[in-house]
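A short worksheet on the structure shown next.
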Amino acid sequence: MTELVINRIFDAPRELVYRAFVDPDQLAQWFGPVGWSVPRDSVVVEPHPGGRHCYTMVNDADPSQTVTIEATFTDVVPNELLDGAAVAPDGTKMRLRLEFHDEGGKTRLVLRQGPFTEELAEMTRTGWGSSFTKLDDLVAAR
0 MTELVINRIF
10 DAPRELVYRA
20 FVDPDQLAQW
30 FGPVGWSVPR
40 DSVVVEPHPG
50 GRHCYTMVND
60 ADPSQTVTIE
70 ATFTDVVPNE
80 LLDGAAVAPD
90 GTKMRLRLEF
100 HDEGGKTRLV
110 LRQGPFTEEL
120 AEMTRTGWGS
130 SFTKLDDLVA
140 AR
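Counting from 0, one number per residue, gives the positions in the sequence shown under numbering that gives the first Met the number 0.
In C-alpha cells, the structure reads:
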C-alpha cells in the first residue's frame with residue numbers, strides 16, 4: 000500500500016483555493032475528473048473537526064454510474080489545512096490531507112491521500128489532475 004502525494008501550484012491566493020474546497024457551490028463546479036459532475040444538492044461540507052464532507056460524483060455519459068464519498072474532517076485550520084478520513088467500500092480507512100501554502104500570491108497545494116495499491120494510486124492521481132484542471136479555470140475566473 001502506498002500514499003499518494005501531489006504538489007500543485009494554483010495561480011490564485013490560497014484563500015480562494017481553500018474556499019473552492021469548503022464552499023459547496025464551488026466544490027460542485029469543479030470536483031471530479033472531466034466527464035463527471037457533482038450535483039450541488041449532493042454536497043455537504045462542514046469544515047470543522049468532526050464535520051462531514053460528502054458528495055456524489057455522477058458520470059456525465061452514464062448517470063447510472065455514481066461514486067458517493069462520505070468523509071469526516073479530523074483537523075481543520077482555515078486557509079491552511081483540511082485533514083479527514085473516510086472508509087472505503089472494502090473497509091479500508093482512507094485519509095486525505097490538504098495543505099495550502101502561500102507562494103507569493105499563488106497557492107501550493109500539497110495533497111496526501113491513501114493508502115492505495117500502486118494501480119489505484121495512479122488512477123487517483125489522474126483523477127485529481129483532471130479535477131485540478133477544472134479548479135484552475137474556476138479560481139482564474141475569480
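We treat Cβ as the ideally placed atom computed from N, Cα and C, and that holds for glycine.
Note that the coordinates shown come from a computational prediction; the quantities given were computed from them, not determined experimentally.
Boundaries of the beta strand (DSSP E) around Gly-83: 80 to 86.
Around the Cβ of Arg-18, a 10 Å sphere holds 16 or more other Cβ atoms; the residue is buried. DSSP, reduced to helix, strand and coil, places Gly-126 within a helical segment of the structure shown. DSSP places Pro-23 in the helix class (H, G or I) of the three-state scheme.
If you ignore the 5 residues before and after Trp-127, its C-beta comes within less than 7 angstroms of the C-beta of Ile-5 and Leu-110, all in its own chain and listed in chain order. Nearest to Ala-139 by alpha-carbon distance, out of Leu-3, Val-42, Phe-9 and Gln-64, is Phe-9. When C-alpha distances from Thr-71 are compared across Met-0, Phe-115, Leu-81 and Pro-77, the shortest belongs to Leu-81. When secondary structure is reduced to three states using DSSP, Glu-118 falls in the helix class. The C-beta separation of Lys-133 from Val-33 comes to about 7 angstroms, placing the pair in contact by the 8 angstroms criterion.
By the Cβ-count criterion, Gln-112 is buried, with 16 or more other Cβ atoms from all chains shown falling within 10 Å of its own Cβ.
Taking C-alpha positions only, Leu-3 is separated from Arg-39 by approximately 27 angstroms.
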